[in-house]
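First comes the structure, then the notes that go with it.
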Amino acid sequence: MRKINSTNALNEAQLIRNCGVVHALSIIGGRWKPTILFNLLYGKMRYNELLKSIPGVSERMLIAQLRELEQHGLIRRIVYPEVPPKVEYELTTLGKSAGPMLQGISDWGNKLRNKKTATTKNTAGISA
1 MRKINSTNAL NEAQLIRNCG VVHALSIIGG RWKPTILFNL LYGKMRYNEL
51 LKSIPGVSER MLIAQLRELE QHGLIRRIVY PEVPPKVEYE LTTLGKSAGP
101 MLQGISDWGN KLRNKKTATT KNTAGISA
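Numbered by UniProt numbering, the letters in the sequence shown go through residues 1 to 128 in order.
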């Protein structure tokens, strides 16, 4: 567990307070949150649909990430009083407002990945 008054924790808190990018990334950053949000841009999804749409995520991690996104007001958890229980997740208005940003980051990431792949292919045939 990290100390609250450590230099690292204090620097992080100051960056979050003073920089919108750092603040946004502290909320949506990480391995799974962007993928969860991006999947929900297309509409409501049941828990198992989300789980199957994100290869490699564990149930425990998905639940934890969904809870954090819900606490930040980006997603809404809808529980239907049925047996067996039916739970759906959807973006809130705040979550939907992140859509253009997420799409832009996705486009930029794909562009960089394609550039790297092209560079790797071009240099693969060069011998020293």
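Even for Gly, the Cβ is constructed at its ideal location relative to N, Cα and C.
- Following the DSSP letters along the chain, one finds valine 87 in no alpha helix (DSSP H) but inside the beta strand (DSSP E) bounded by residues 86 to 91.
- In this structure, arginine 77 lies away from glutamate 68, with their beta-carbon atoms at least 7 Å apart.
- Taking the Cα positions, alanine 98 is about 14 Å away from serine 26.
- Arginine 31 and lysine 111 have their C-alpha atoms some 19 Å from each other.
- In the DSSP annotation of this structure, the continuous segment of the beta strand (DSSP E) that includes valine 79 starts and ends at 75 to 80.
- Annotation: the continuous alpha helix (DSSP H) that includes arginine 17 extends over 7 to 18.
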